[in-house]
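**Q** Before we start, here is the structure in question, set down as structure tokens.
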Amino acid sequence: RTVAQLRRDAGVGAPRNNDSLYRPVERAPRKFNPLKIPLSLQAALPFKTKPKLEPKRNRKTLEQKRAVVLEPHERKAYTLLQQLNAIRNDKAKTRNAANDRRKEARAKRTAVEDAWRAKHSKEERKKRYVEQGQTDKRKALQAEGKFRKKKARKE
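So for the sequence shown, my numbering puts the first residue at 192; every next one is plus one.
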């Protein structure tokens, strides 16, 4: 009889290793550091979107006493989105400025190359036409008999 048959008859299951059992993963909740916006970007922002850093008050303000439409987590999410959008816009602005600089440099380089090509091709054509004119002139003079033909070599 096999081990499996003996276990079945005795009503005993396969041995389990406690280390191999599945259990839920316990993770500590993640804590994110507050988002830091560069001062140069803060200066460029409108007052409404600037981060307001005030010391904690002992008394509640009028705003805190009254009912506020946004919940705290909603407000956090809203300000986080605004800050992320501000950072994204700032990055896009710097990226666009860098692209513009690259485009200007490329335009200058291509202008110099095009000018060189135009001048160079003009010179090449001039040389070619001069050579062609000289060969035509030689042929015309040969046809008139101005040049004598070379003698055949004796061997």
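Don't be surprised by glycine CBs; every beta carbon is placed ideally from N, CA and C. Quantities reported herein were computed from a predicted structural model and do not represent experimental measurements.
1) Given that a residue counts as buried once 16 or more other Cβ atoms are within 10 Å of its Cβ, and exposed if not, what is residue 334?
2) DSSP three-state call for residue 203: helix, strand or coil?
3) How big is the Cα-Cα spacing for residue 308 and residue 326?
4) Compare the Cα-Cα distances from residue 278 to each of 235, 199 and 329 and report the closest residue.
5) Note down the Cα distance separating residue 239 from residue 250, rounded to an integer number of angstroms.
6) From the DSSP output, in three-state form, read off residue 266 for me.
7) Inspect the beta-carbon positions of residue 225 and residue 233 and report whether they are closer than 8 Å.
8) Only counting the same chain, and skipping five residues up and downstream in sequence, which positions put a Cβ closer than 7 Å to that of residue 261?
9) Determine, using beta carbons only, whether residue 198 and residue 205 come nearer to each other than 8 Å.
10) Look up residue 223 in the DSSP assignment and say whether it is helix, strand or coil.
11) Between which two residues does the alpha helix (DSSP H) harbouring residue 254 extend?
**A** So, from the listed chains and residues:
1) exposed
2) coil
3) 27 Å
4) 235
5) 24 Å
6) helix
7) no
8) 269
9) yes
10) coil
11) 253 to 256
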